[in-house]
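Here the structure is laid out as structure tokens; the discussion comes afterwards.
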Amino acid sequence: MRPLLAGAAGSRAAAEASGAVPALRRRGGVGAGVPGGRGVSPAALRWLGMAAALVILLADQASKAWILYGLRLPELGSLEVLPVLNLTMVWNRGVTFGLLNGFGSAGPVLLTGVALAVVVALGVWLWRAERPLVAVALGAVAGGAVGNVIDRLRFGAVVDFIHAHAWGWSWYVFNVADAAIVCGVSALVLESLFTRHHPSSGERLARVRDGR
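If you're matching positions, the sequence shown starts at 9 in my numbering and goes up one per residue.
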């Protein structure tokens, strides 16, 4: 008789526990605000992404203003900062790292249109973002893209000036916006690979609750 009573009590406790999770979600407890149990509201993630975009945009434009009007790098051409790092003035009419640099006079207009379309797509993605890392990465890419668009609209080309090199190896000349774009895209790829194989605790809880 005792085992039967203990089993019934255990079943009631399990049922109460399973019903407590939705109740906690409704009250703003465990995993509230964002699907998957990450505890950050969609609005907060959007603000986080926009803040990241603004920081990158300001850093990019400030660095370019210093290069052009403070340091006057166009007059110097190149300046050694470290044995492996130079500031080298390059007017880039292509995209990141000088790629697609062969569209002639139509290049700035075409690339500006493509970049603006990408920024709109990133904004839609940010609106649906569910993780802080994704929001920051999207903001970094968007901020970098807008920074380079501003250059094309102002000068018809992008201001590149960071030149890394060592032992006969030389990398493309780039800028702060390019670095933000590459880092943001890399973070999105790594985050996607990691979460695909390692679901969050909220996702695991949802799978258990749904019987998957």
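Ideal Cβ placement from N, Cα and C applies to all residues, glycine included.
Terminal residues of the beta strand (DSSP E) in which residue i lies
i, result
"residue 169", "166-174"
"residue 90", "86-90"
Member of the options whose CA lies at the smallest distance from the CA of residue i
i, options, result
"residue 58", "155, 144, 70", "144"
"residue 183", "152, 164, 63, 54", "152"
"residue 159", "60, 191, 69", "69"
"residue 202", "139, 133, 65, 155", "139"
"residue 92", "170, 194, 66", "170"
"residue 60", "191, 77, 200, 85", "191"
"residue 246", "194, 177, 155", "Shown here, the chain extends from 9 to 220; a query on residue 246 therefore has no answer."
"residue 178", "94, 193, 194", "94"
Between the CA atoms of residue j and residue i - distance to the nearest angstrom
i, j, result
"residue 44", "residue 51", "Bear in mind that a pLDDT of 43 at residue 44, under 50, signals an unreliable position, so the number given afterwards is only what the model happens to contain. The alpha-carbon atoms of residue 44 and residue 51 are separated by roughly 16 Å."
"residue 124", "residue 157", "8 Å"
"residue 71", "residue 83", "17 Å"
"residue 168", "residue 161", "15 Å"
"residue 146", "residue 62", "12 Å"
"residue 181", "residue 79", "17 Å"
"residue 96", "residue 81", "7 Å"
"residue 56", "residue 75", "29 Å"
"residue 87", "residue 173", "13 Å"
"residue 73", "residue 66", "10 Å"
"residue 135", "residue 102", "29 Å"
"residue 132", "residue 90", "41 Å"
"residue 117", "residue 198", "32 Å"
"residue 200", "residue 85", "41 Å"
"residue 163", "residue 126", "21 Å"
"residue 175", "residue 49", "49 Å"
"residue 77", "residue 194", "32 Å"
"residue 128", "residue 64", "17 Å"
First through last residue of the alpha helix (DSSP H) which encompasses residue i
i, result
"residue 95", "No alpha helix (DSSP H) contains residue 95, which is instead part of the beta strand (DSSP E) from 93-100."
"residue 55", "50-73"
"residue 156", "140-163"
Pair within 9 Å by beta-carbon distance, residue i and residue j
i, j, result
"residue 188", "residue 99", "no"
"residue 142", "residue 196", "yes"
"residue 130", "residue 150", "yes"
"residue 137", "residue 53", "yes"
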